[in-house]
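Engineer:
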Amino acid sequence: MSSPISRAEFLRLAALSASVLIMPRQAGADDTEITRDMILNDPDAPVAGNPNGDLTIVDFFDYNCPYCKKAAKSLEKIVKADGNIRLVYKDWPILEETSIVGARLALAAKYQGQYLPVHHALMDIPGYGISRDQMLDAVRKTGVDQSRLDADLAAHGDDILRLVKRNLNIAEAIGLRGTPGFLVGAYKVNEALTYDGFVRVVADARMRARNNK
Numbered sequence: 004m005s006s007p008i009s010r011a012e013f014l015r016l017a018a019l020s021a022s023v024l025i026m027p028r029q030a031g032a033d034d035t036e037i038t039r040d041m042i043l044n045d046p047d048a049p050v051a052g053n054p055n056g057d058l059t060i061v062d063f064f065d066y067n068c069p070y071c072k073k074a075a076k077s078l079e080k081i082v083k084a085d086g087n088i089r090l091v092y093k094d095w096p097i098l099e100e101t102s103i104v105g106a107r108l109a110l111a112a113k114y115q116g117q118y119l120p121v122h123h124a125l126m127d128i129p130g131y132g133i134s135r136d137q138m139l140d141a142v143r144k145t146g147v148d149q150s151r152l153d154a155d156l157a158a159h160g161d162d163i164l165r166l167v168k169r170n171l172n173i174a175e176a177i178g179l180r181g182t183p184g185f186l187v188g189a190y191k192v193n194e195a196l197t198y199d200g201f202v203r204v205v206a207d208a209r210m211r212a213r214n215n216k
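One gets our numbering by counting positions in the sequence shown from 1 and adding 3 to each.
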């Protein structure tokens, strides 16, 4: 498990990352109250799996987190095998300056319907301390429209940064200690689960939901 940085350090890294790609306008502080609906149904958060699934998994991750990458394979496998899981991605770039670079690239790709290919390409880069060039090369290989990506980074930079700040606020509010972090139904898991681990917690979450009806 990788430890989170402070809010002040996140804001400093966000400012640094803006100079690496396209500089967004300064976004104001987001002091919105954290709600269940914000966690599960933020309209700007990428979603995969079954949109009408009976169970939601919320995935908090960083593209520089090797534990996230290890768990990601198992998470994708359980979502596909189960067929009734809704998966919400919460980009939580807390480890390196380039973590924010990766988050901005992936979230900008969402505007052309390419979040998942970019997300998977960035998660497939091995190791920790990934460079900006490695990220850009991985993104290019997905076949995204690079001109459109640059334009969306410029046009939606503020919205992307506000979304990442909301993710940071949510992670702090629910007490995550670092990446990876998952909400599986009513359960919070702050470790890199194996496939069997996901199977067990998914079963437990469904059982708890049935018992609480």
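Backbone N, C-alpha and C fix where the C-beta goes; we use that ideal spot for every residue, glycine too.
Could you please give the first and the last residue of the uninterrupted beta strand (DSSP E) stretch that includes I60?
Structural biologist: One-based indexing of the sequence shown puts residue 60 at position 57. Note, I60: beta strand (DSSP E), 58-64.
Engineer: Given a threshold of 16 other Cβ atoms within 10 Å of its Cβ, counted over all protein chains shown, does N170 qualify as buried or as exposed?
Structural biologist: As a working note, residue 170 is residue 167 in the sequence shown. N170 should be labelled buried.
Engineer: At the level of alpha carbons, what is the spacing between K80 and V202?
Structural biologist: On the sequence shown, residue 80 is found 77 positions in, with the first residue counted as 1. On the sequence shown, residue 202 is found 199 positions in, with the first residue counted as 1. Each residue's alpha carbon lies about 10 Å from the other.
Engineer: Within 8 Å, do at least three Cβ pairs link the region 175-184 to the region 114-133?
Structural biologist: Counting Cβ pairs under 8 Å, fewer than three are found: no touch.
Engineer: Assess, as a yes-or-no matter, whether the region 157-169 is touched by the region 37-50 under the definition of 3 or more beta carbon pairs within less than 8 Å.
Structural biologist: Touching, yes, given that three or more Cβ pairs across the two stretches are closer than 8 Å.
Engineer: What's the gap between the Cα of A212 and the Cα of T59?
Structural biologist: Translated into the one-based positions of the sequence shown, residue 212 becomes position 209. Translated into the one-based positions of the sequence shown, residue 59 becomes position 56. Taking the straight line joining both Cα atoms gives about 11 Å.
Engineer: So, do the region 63-82 and the region 180-198 have three or more beta carbon pairs nearer to each other than 8 Å?
Structural biologist: Flag = yes, the region 63-82 and the region 180-198 touch.
Engineer: Exposed or buried, G184, counting other C-beta atoms within 10 Å across all chains shown (16 or more means buried)?
Structural biologist: If you number the sequence shown from 1, residue 184 lands on position 181. G184 comes out buried.
Engineer: Just to check my reading of the structure: V104 and M126 have Cβ atoms closer than 8 Å, yes? What is that Cβ distance to the nearest angstrom?
Structural biologist: Your numbering for residue 104 matches position 101 in the sequence shown. Your numbering for residue 126 matches position 123 in the sequence shown. Between M126 and V104 the Cβ distance is about 14 Å, and since that is not below 8 Å, they are no contact.
Engineer: Relative to the C-alpha of H159, which candidate in A189, Y114, K93, V142 has its C-alpha closest?
Structural biologist: The residue you call residue 159 lines up with position 156 of the sequence shown. The shortest C-alpha separation from H159 is found at Y114.
Engineer: Rounded to whole angstroms, what is the Cα-Cα separation between E99 and A106?
Structural biologist: One-based indexing of the sequence shown puts residue 99 at position 96. One-based indexing of the sequence shown puts residue 106 at position 103. Whole-angstrom Cα-Cα distance: 11 Å.
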